[in-house]
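S.K.: Could you have a look at this structure, given as structure tokens, before my questions?
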Amino acid sequence: MTAKTSPYLGRLAPSPTGRLHLGHARTFWVAQQRALAAGGDLLLRNDDLDASRCRPEFVDAFIEDLTWLGIMWRPPIVTQSQRLDRYRLALHQLHTAGTIYPCHRSRREVAEAAAAPHEDGLNDEPLFPPAWRSPADAPLPPLTNPVECNWRFRVPDGEAISFRDSCTGLETAVAGRDFGDFLVWRKDDAPSYQLACAVDDGEMGITEVVRGEDLIKSTFRQLLLLRALDLPEPTYYHAPLMTDDQGERLAKRHDALSLRALREQGITPSEILAKFRP
Ligand code: GLU
Numbered sequence: 048m049t050a051k052t053s054p055y056l057g058r059l060a061p062s063p064t065g066r067l068h069l070g071h072a073r074t075f076w077v078a079q080q081r082a083l084a085a086g087g088d089l090l091l092r093n094d095d096l097d098a099s100r101c102r103p104e105f106v107d108a109f110i111e112d113l114t115w116l117g118i119m120w121r122p123p124i125v126t127q128s129q130r131l132d133r134y135r136l137a138l139h140q141l142h143t144a145g146t147i148y149p150c151h152r153s154r155r156e157v158a159e160a161a162a163a164p165h166e167d168g169l170n171d172e173p174l175f176p177p178a179w180r181s182p183a184d185a186p187l188p189p190l191t192n193p194v195e196c197n198w199r200f201r202v203p204d205g206e207a208i209s210f211r212d213s214c215t216g217l218e219t220a221v222a223g224r225d226f227g228d229f230l231v232w233r234k235d236d237a238p239s240y241q242l243a244c245a246v247d248d249g250e251m252g253i254t255e256v257v258r259g260e261d262l263i264k265s266t267f268r269q270l271l272l273l274r275a276l277d278l279p280e281p282t283y284y285h286a287p288l289m290t291d292d293q294g295e296r297l298a299k300r301h302d303a304l305s306l307r308a309l310r311e312q313g314i315t316p317s318e319i320l321a322k323f324r325p
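Following our numbering, the numbering of the sequence shown begins with 48 at its first residue and continues without gaps.
Here it is as structure tokens:
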């Protein structure tokens with residue numbers, strides 16, 4: 048008799064920019080629980096595209112921390128920096144479809160022009176001023192290799208994008224109001240997180256994305272990319288973020304709550320996981 052194969056495929060996608068902390072542990076544990084409940088698997092994706100912040104020793108560190116915690120994944124590990132050709136292909140597809148345009152504004156200019164200080168903090172990008180967009184009928188310059196300017200995705204202004212989150216319920220955002228034209232490729236010839244993530248989730252057949260709720264707004268962008276690239280859309284489960292005693296979100300700077308620090312204090316994985324059980 049052949050084993051019954053399950054269609055569920057999730058992923059764990061840490062960035063090697065610091066040690067994993069209790070918040071990551073909870074999100075990854077939720078991901079594992081959901082994969083197990085569905086009889087499915089998880090992939091481990093190394094989100095190492097931000098060369099200025101990523102360090103190889105943090106890849107070893109997250110493998111060690113996840114293993115210690117008892118989180119399992121299906122090998123091989125996917126490394127985004129080894130998939131640049133896939134992302135470049137997607138960029139060309141978007142270019143051919145005319146859904147992107149070149150942008151010569153600096154990150155600082157865009158941040159300063161955004162009307163209100165944006166509430167989503169570091170994990171989100173400011174609203175790109177619509178007045179700075181190039182006209183939809185302007186002829187597109189060719190893509191160079193390497194890419195030497197920023198390219199942005201033109202969002203469908205005024206269109207409400209919705210998805211039913213398996214944790215938070217119905218989520219809706221209006222393109223052009225709640226988020227604007229976003230970067231897909233940077234002038235230093237690197238794909239944006241949004242593009243790489245959408246290409247990976249779509250091409251790898253990820254059926255459910257479990258991640259922190261700070262990425263809900265990114266989901267709207269990634270859904271637009273998946274549709275533009277004609278890739279399958281996963282479902283989403285955005286888990287609540289953990290906060291410290293002051294109500295502040297856990298971040299990699301909370302070294303005292305890193306899994307390594309907890310381990311060194313003699314705390315066991317089952318003591319950590321016991322905190323997460325409802
Ligand atoms: N690597 C991203 C992060 O650590 C998560 C990406 C994702 O789950 O889509 O914030």
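We treat Cβ as the ideally placed atom computed from N, Cα and C, and that holds for glycine.
#1: Quick one: grab the DSSP three-state call for I319.
#2: Could you check what DSSP says for W120 in three-state terms: helix, strand or coil?
#3: Counting only runs of 4+ residues fully inside the stretch 87-155, write out the alpha helix (DSSP H) ranges in chain order.
#4: Taking D247 as part of the alpha helix (DSSP H), name the residues at either end of that continuous run.
#5: Which two residues bound the contiguous alpha helix (DSSP H) that contains V77?
#6: In terms of DSSP beta bridges, what is L230 paired with?
#7: At what residue ranges does the stretch 252-301 contain a whole run of the beta strand (DSSP E), taking only runs of 3 or more?
#8: Assess, as a yes-or-no matter, whether the stretch 61-74 is touched by the stretch 297-314 under the definition of 3 or more beta carbon pairs within less than 8 Å.
#9: In this structure, how does DSSP classify R180 when only helix, strand and coil are distinguished?
#10: So does P61 have its beta carbon nearer than 7 Å to some heavy atom of ligand 1?
#11: If we count the other Cβ atoms within 10 Å of its Cβ and call it buried at 16 or more, is G313 buried or exposed?
#12: Can the beta-carbon of H301 be found less than 8 Å from the beta-carbon of D292?
#13: Whole angstroms is fine: what's the gap from D132's alpha carbon to M289's?
#14: Where DSSP assigns a beta bridge to S209, which residues make up the other side?
#15: On the premise that H285 lies in contact with G249, defined as a C-beta separation below 8 Å, what is that separation, rounded to the nearest angstrom?
#16: If you draw a straight line from the C-alpha of L230 to the C-alpha of P316, how long is it?
#17: Return the Cβ separation of V77 and V257 in integer angstroms, given the expectation that the two are a contact with Cβ distance under 8 Å.
#18: Spatial neighbours of V246 within its chain, please: CB distance less than 6 Å, with the 5 preceding and 5 following residues excluded, ordered by chain position.
#19: Counting pairs of beta carbons, one from the stretch 115-127 and one from the stretch 201-217, are three or more of them closer than 8 Å?
#20: Would F226 be called buried (16 or more neighbouring beta carbons within 10 Å of its own) or exposed?
#21: Pull the bridge partners of A237 from the DSSP assignment, please.
M.R.: On the basis of the supplied data:
#1: Counting from 1 along the sequence shown, the entry for residue 319 is found at position 272. In the structure shown, I319 falls within a helical segment according to DSSP collapsed to helix, strand and coil.
#2: Here residue 120 corresponds to residue number 73 of the sequence shown, with the count starting at 1. W120 falls in the coil class under three-state DSSP.
#3: Qualifying alpha helix (DSSP H) stretches, in chain order: 103-116 and 131-144.
#4: Within the sequence shown, residue 247 is the residue found at index 200, counting from 1. Start and end: Y240 to E250.
#5: Numbered from its first residue, the sequence shown carries residue 77 at position 30. In the DSSP annotation of this structure, the continuous segment of the alpha helix (DSSP H) that includes V77 starts and ends at L69 to A84.
#6: If you number the sequence shown from 1, residue 230 lands on position 183. Paired residues: R199.
#7: Runs of the beta strand (DSSP E) lying entirely within the stretch 252-301, each at least 3 residues long, are 255-259 and 282-286 in chain order.
#8: Output reads yes: the stretch 61-74 touches the stretch 297-314.
#9: Here residue 180 is taken as the residue at index 133 of the sequence shown, counted from 1. In the structure shown, R180 sits in coil (DSSP, three-state: anything other than H, G, I, E or B).
#10: Residue 61 sits at position 14 when you count from the first residue of the sequence shown. Annotation for P61 indicates a beta carbon within 7 Å of some heavy atom of ligand 1.
#11: Position 266 of the sequence shown, counting from 1, holds the residue named residue 313. Exposure of G313 is indicated by the presence of fewer than 16 other C-beta atoms within 10 angstroms of its C-beta.
#12: Taking the sequence shown and counting its residues from 1, one reaches residue 301 at position 254. Taking the sequence shown and counting its residues from 1, one reaches residue 292 at position 245. No, Cβ-Cβ distance for H301 and D292 is not below 8 Å.
#13: Taking the first residue of the sequence shown as 1, we reach residue 132 at position 85. Taking the first residue of the sequence shown as 1, we reach residue 289 at position 242. Distance between the alpha carbons of D132 and M289: 36 Å.
#14: Here residue 209 corresponds to residue number 162 of the sequence shown, with the count starting at 1. Secondary-structure assignment with DSSP links S209 through a beta bridge to T219.
#15: Looking up residue 249 in the sequence shown gives position 202. Looking up residue 285 in the sequence shown gives position 238. Taking 8 Å as the upper bound for CB-CB distance, G249 and H285 are not in contact here, some 18 Å apart.
#16: Counted from its first residue, the sequence shown places residue 230 at position 183. Counted from its first residue, the sequence shown places residue 316 at position 269. Near 39 Å, if we compare the C-alpha coordinates of P316 and L230.
#17: Here residue 77 refers to the residue found at position 30 of the sequence shown. Here residue 257 refers to the residue found at position 210 of the sequence shown. About 6 Å; that satisfies the 8 Å criterion.
#18: Counting from one through the sequence shown, the residue named residue 246 turns up at place 199. For V246, where only same-chain residues beyond five positions count, the Cβ hits under 6 Å are R133, Y134 and A137.
#19: Too few Cβ pairs lie closer than 8 Å, so no.
#20: On the sequence shown, residue 226 is found 179 positions in, with the first residue counted as 1. Counting Cβ neighbours within 10 Å, F226 comes out buried, since at least 16 surround it.
#21: Start at 1 with the first residue of the sequence shown, and residue 237 comes out as number 190. Residue pairing by DSSP puts A237 in a beta bridge opposite R233.
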